[in-house]
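Q:
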Amino acid sequence: MLAFLCGLHAVRFHGDAYVECARGLRIEDIPLELPPPAGTGEGRWWRDAAKTNHRSPLCLSCRRPASNLCPTCKGAYFCDDTCRRKAWAHDQVLCPSWKKYAGRRAELSEFSFLSFTGTLTARPFQTSMEPYKEFLRERGLLEKGWWTTEVDGWAGGLSGSAKFVDCSRRVSFEDGFAFEDVGDIGDLGSSAITNRCPDVLKQDDHGCFELRSWEDYYKLRGLPPTSLAALLLTFPLTIYHGLMKFCAAQLMIAASSRSRRLRIHVVGVEKELAFLDMFDELFRLVSPSGIKLDLVFVVRGDMMPPECKDMEIGGRTGGHTMRVVSGTYNDSLSPEFDCGGRPDVVFALNAGLFAYDSWSFVTDYIEETGVTAVFTDYNEYSGLNSASLGGGDARDSLCVNPFRQPLALPVFSMALPQFSNGFYYCFNEVEME
């Protein structure tokens with residue numbers, strides 16, 4: 001009855017019903033007529049159990065709450081040995097791979113410069129969001145500024161975390177981060193920064209900063225190792241580093257022709273709507289190269305909060321542009337006509353291509369046009385399955401993102417290391433000659 005779709009984002013039952021394990025449970029999608037496990041009585045058990053226990057790790061076999069890890073791979077939960085024996089697909093297919101993935105937890109949890117990550121990657125944070133809520137509450141950040149969507153996810157535009165988001169309201173970095181020390185964010189051109197760290201300020205052939213780690217970025221910005229800024233800045237820094245890593249040809253063309261702008265479509269946007277102004281940091285990092293960006297956020301209609309609408313976000317730094325467009329990419333929306341023109345590159349953060357059928361419109365467009373597309377995913381297993389949809393080159397491009405969020409996230413369908421923007425992969429990378 002259970003077929004696992006890359007494990008992380010969704011566990012699919014028969015038909016179209018599924019339980020989202022990374023972005024919150026959709027109770028309404030669990031049909032009442034599903035057959036119950038042996039001995040559990042009526043089919044309504046599924047809905048009742050889901051309402052009660054959806055924040056607990058789930059047995060890979062029966063989907064009930066479980067806490068026993070597979071003794072071989074340490075990547076799957078089981079109720080007991082009986083359930084483990086029933087999960088023949090895990091033992092024969094998944095277990096060897098998951099052992100490798102789970103074995104990389106220490107490596108993925110290493111953020112040597114940041115002083116708080118030992119806490120945020122510890123075991124309690126891997127199994128529940130409650131420790132992170134308490135961490136933010138103790139620091140006066142819970143439900144403040146850009147932290148409002150950090151712990152409750154984004155279960156559609158009318159959900160509690162989304163319905164009060166207003167794209168038309170501009171927010172400063174000080175108010176968004178809700179703490180006093182934001183270093184020199186917002187003033188990248190100052191001589192103080194230029195003189196501070198010449199090793200970090202090394203520029204590539206396009207005039208862009210060669211940032212290789214959070215340590216590089218923090219030194220550039222004058223942020224102390226105690227600053228929590230990386231927890232939010234993973235989004236603009238992931239796009240910046242993805243451009244540097246996978247889009248050298250597009251950057252070279254844009255840099256050589258000052259009248260040529262670099263157009264980026266960011267698809268599958270959800271919680272990013274809560275902190276659009278934070279993407280000014282992407283603009284500031286690119287500006288010294290002279291390259292101008294046109295950044296278009298594409299939001300599916302049911303993910304759009306009622307206070308938001310299609311709009312140009314004015315007042316951007318350095319001549320860059322930003323706009324929000326709602327609809328389904330390459331379906332109700334034409335990428336060329338509704339999204340400001342054909343993109344030079346498409347980005348999708350924490351996408352989960354292999355889990356959601358709606359991504360087929362995006363992947364069809366990428367295949368038809370050959371446009372470069374850069375994706376991120378939460379964990380290595382999901383990333384590998386998703387990257388494989390783009391063929392061998394895309395699969396081989398899978399790599400760890402140095403600007404992943406320095407926080408271990410819980411995933412209730414497995415026990416693999418999971419980080420927001422944890423892994424990159426790229427479709428149609430253009431090779432430099």
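Each residue of the sequence shown is one higher than the one before, starting from 1 at the first, in the UniProt record's numbering.
From the three backbone atoms N, C-alpha and C, an ideal C-beta is built for every residue, glycine too.
1) My output table needs one value for E312: the three-state DSSP class, helix, strand or coil.
2) Compute every distance between the C-beta of E380 and the non-hydrogen atoms of the ligand PLP, then say whether any falls below 6 Å.
3) Between E312 and the rest of its own chain, which residues show a CB-CB distance below 6 Å, the 5 nearest in sequence each way excluded?
4) Flag this pair as touching only if the region 353-368 and the region 391-401 have three or more C-beta atom pairs under 8 Å; answer yes or no.
5) Looking at A408: is its Cβ nearer than 7 Å to the Cβ of T117?
6) Between which two residues does the alpha helix (DSSP H) containing Y378 stretch?
7) Determine, using beta carbons only, whether R316 and D294 come nearer to each other than 7 Å.
8) Relative to the alpha-carbon of A87, which residue among W214, A351, R284 and C59 has its alpha-carbon at the smallest distance?
9) Mind checking whether F78 and A89 have CB atoms under 7 Å apart?
10) Straight-line CA distance for S161 to S256?
11) Using 10 angstroms around the beta-carbon of R263, count the other beta-carbons present and answer buried if the total reaches 16, otherwise exposed.
12) Which class does T226 belong to by DSSP, given the choice of helix, strand or coil?
13) If you follow the alpha helix (DSSP H) that R137 is part of, which residue opens it and which one closes it?
14) Got a sec? Which residues, its chain only, sit under 6 Å from L108 by beta carbon, not counting five neighbours each side?
15) Just to check my reading of the structure: F283 and G176 have Cβ atoms closer than 8 Å, yes? What is that Cβ distance to the nearest angstrom?
16) When DSSP labels each residue in this structure, what does C95 get in the three-state scheme?
17) Count Cβ pairs between the region 290-308 and the region 326-343 that sit closer than 8 Å; are there 3 or more?
18) Name, in chain order, the residues that DSSP records as bridge partners for F347.
19) Identify whether N385 lies in helix, strand or coil by the three-state DSSP scheme.
20) Checking the sheet assignment: what are the DSSP bridge partners for S326?
21) Look at the alpha carbon of G189 and the alpha carbon of S289, and state the distance between them as a whole number of angstroms.
22) Note the first and the last residue of the continuous alpha helix (DSSP H) segment covering F177.
23) DSSP state of L293, grouped into three classes?
24) Alpha carbon to alpha carbon, how far is M278 from R212?
25) Please classify M432: is it buried, with 16 or more other beta-carbons within 10 angstroms of its beta-carbon, or exposed?
26) Can you tell me whether T226 is buried or exposed, with buried defined as 16 or more other CB within 10 angstroms of its CB?
27) Using the Cβ count rule (16 or more neighbours within 10 Å means buried), how would you classify E150?
28) Would you list the residues sitting across from Y77 in a DSSP beta bridge?
29) Taking only three categories from DSSP, how would you classify L58?
30) Taking the beta carbon of S115 as the centre, do at least 16 other beta carbons fall within 10 Å, making it buried, or is it exposed?
31) Leaving out five residues on either side along the sequence, give the residues of the same chain with a beta carbon under 6 Å from the beta carbon of A230.
32) Is it buried or exposed for A351, if we count other Cβ within 10 angstroms and need 16 for buried?
33) Between P57 and F412, which are expected to be in contact by the criterion C-beta below 8 Å, what is the C-beta distance as a whole number of angstroms?
34) Quick one: grab the DSSP three-state call for V400.
35) Let's test the definition: count the other Cβ atoms within 10 Å of the Cβ of F419 and tell me whether it reaches 16, buried, or not, exposed.
36) Mind checking E134: buried by the 16 CB within 10 Å criterion, or exposed?
A: The answer reads as follows:
1) On the sequence shown, position 312 is the one that residue 312 refers to. Strand at E312.
2) The model depicted lacks the ligand PLP and carries no ligand whatsoever.
3) Your numbering for residue 312 matches position 312 in the sequence shown. Excluding residues within five positions, the ones whose Cβ falls inside 6 Å are R323.
4) no
5) The sequence position of residue 408 within the sequence shown is 408, counting from 1. The sequence position of residue 117 within the sequence shown is 117, counting from 1. Taking 7 Å as the Cβ cut-off, A408 and T117 do not qualify as a contacting pair.
6) Counting from 1 along the sequence shown, the entry for residue 378 is found at position 378. Y378 -> no alpha helix (DSSP H), and no H or E assigned at all.
7) Against the sequence shown, residue 316 aligns to sequence position 316. Against the sequence shown, residue 294 aligns to sequence position 294. No, the pair does not count as a contact, with Cβ atoms beyond the cut-off.
8) Residue 87 sits at position 87 when you count from the first residue of the sequence shown. Nearest of W214, A351, R284 and C59 to A87, Cα basis: C59.
9) Indexing the sequence shown from 1 puts residue 78 at position 78. Indexing the sequence shown from 1 puts residue 89 at position 89. Going by C-beta atoms, F78 is not nearer than 7 Å to A89.
10) The residue you call residue 161 lines up with position 161 of the sequence shown. The residue you call residue 256 lines up with position 256 of the sequence shown. Cα-Cα distance, rounded: 43 Å.
11) As a position in the sequence shown, residue 263 is number 263, starting the count at 1. Counting Cβ neighbours within 10 Å, R263 comes out buried, since at least 16 surround it.
12) Stepping through the sequence shown from its first residue, residue 226 is reached at position 226. In the structure shown, T226 sits in coil (DSSP, three-state: anything other than H, G, I, E or B).
13) For the purposes of this step, residue 137 is identified with residue 137 of the sequence shown, where counting begins at 1. Unbroken alpha helix (DSSP H) run through R137: E130 to E138.
14) What you label residue 108 is simply residue 108 of the sequence shown in a count that begins at 1. These residues qualify, in order along the chain: P417.
15) Numbered from its first residue, the sequence shown carries residue 283 at position 283. Numbered from its first residue, the sequence shown carries residue 176 at position 176. Actually they are not in contact, since the Cβ atoms of F283 and G176 sit about 15 Å apart, beyond 8 Å.
16) Within the sequence shown, numbered from 1, the residue matching residue 95 stands at position 95. If DSSP states are grouped into helix, strand and coil, C95 belongs with the helices.
17) yes
18) Residue mapping note: residue 347 aligns to position 347 of the sequence shown, counting from 1. Answer is V266 and V374, bridged to F347.
19) Walking along the sequence shown from the start, residue 385 turns up at place 385. DSSP places N385 in helix when its eight states are reduced to three.
20) Along the sequence shown, one-based indexing puts residue 326 at 326. Answer is V299.
21) Indexing the sequence shown from 1 puts residue 189 at position 189. Indexing the sequence shown from 1 puts residue 289 at position 289. Confidence at G189 is low in this model, with a pLDDT of 44, below 50, so the placement of that residue should be treated as unreliable; the coordinate-derived value is given next. Each residue's Cα considered, the two are about 12 Å apart.
22) For the purposes of this step, residue 177 is taken as the residue at position 177 of the sequence shown. Unbroken alpha helix (DSSP H) run through F177: F173 to F177.
23) Here the question's residue 293 lines up with position 293 in the sequence shown. Strand at L293.
24) As a first step, residue 278 is located in the sequence shown; it is residue number 278 there, counting from the start. As a first step, residue 212 is located in the sequence shown; it is residue number 212 there, counting from the start. Looking at the two C-alpha atoms, the distance is approximately 20 Å.
25) Within the sequence shown, the letter at position 432 stands for residue 432. M432 is exposed by the Cβ-count criterion.
26) As a first step, residue 226 must be located in the sequence shown, where it is residue number 226. Classification of T226: exposed, given that the 10 Å Cβ count is below 16.
27) For the purposes of this step, residue 150 is taken as residue 150 along the sequence shown, with counting starting at 1. So E150 counts as buried.
28) Translated into positions along the sequence shown, residue 77 becomes position 77. Note: Y77 sits in a beta bridge opposite L69.
29) Mapped onto the sequence shown, residue 58 falls at position 58. Correct three-state label for L58: strand.
30) Within the sequence shown, the letter at position 115 stands for residue 115. So S115 ends up on the exposed side.
31) Your numbering for residue 230 matches position 230 in the sequence shown. Excluding positions up to five away in sequence, the list reads W214 and P406.
32) Indexing the sequence shown from 1 puts residue 351 at position 351. Answer is buried; the Cβ neighbour count reaches 16.
33) As a position in the sequence shown, residue 57 is number 57, starting the count at 1. As a position in the sequence shown, residue 412 is number 412, starting the count at 1. With 8 Å as the limit, P57 and F412 qualify as a contact, their Cβ atoms being about 5 Å apart.
34) Your numbering for residue 400 matches position 400 in the sequence shown. Strand at V400.
35) If you number the sequence shown from 1, residue 419 lands on position 419. That one is buried.
36) Counted from its first residue, the sequence shown places residue 134 at position 134. Counting Cβ neighbours within 10 Å, E134 comes out exposed, since fewer than 16 surround it.
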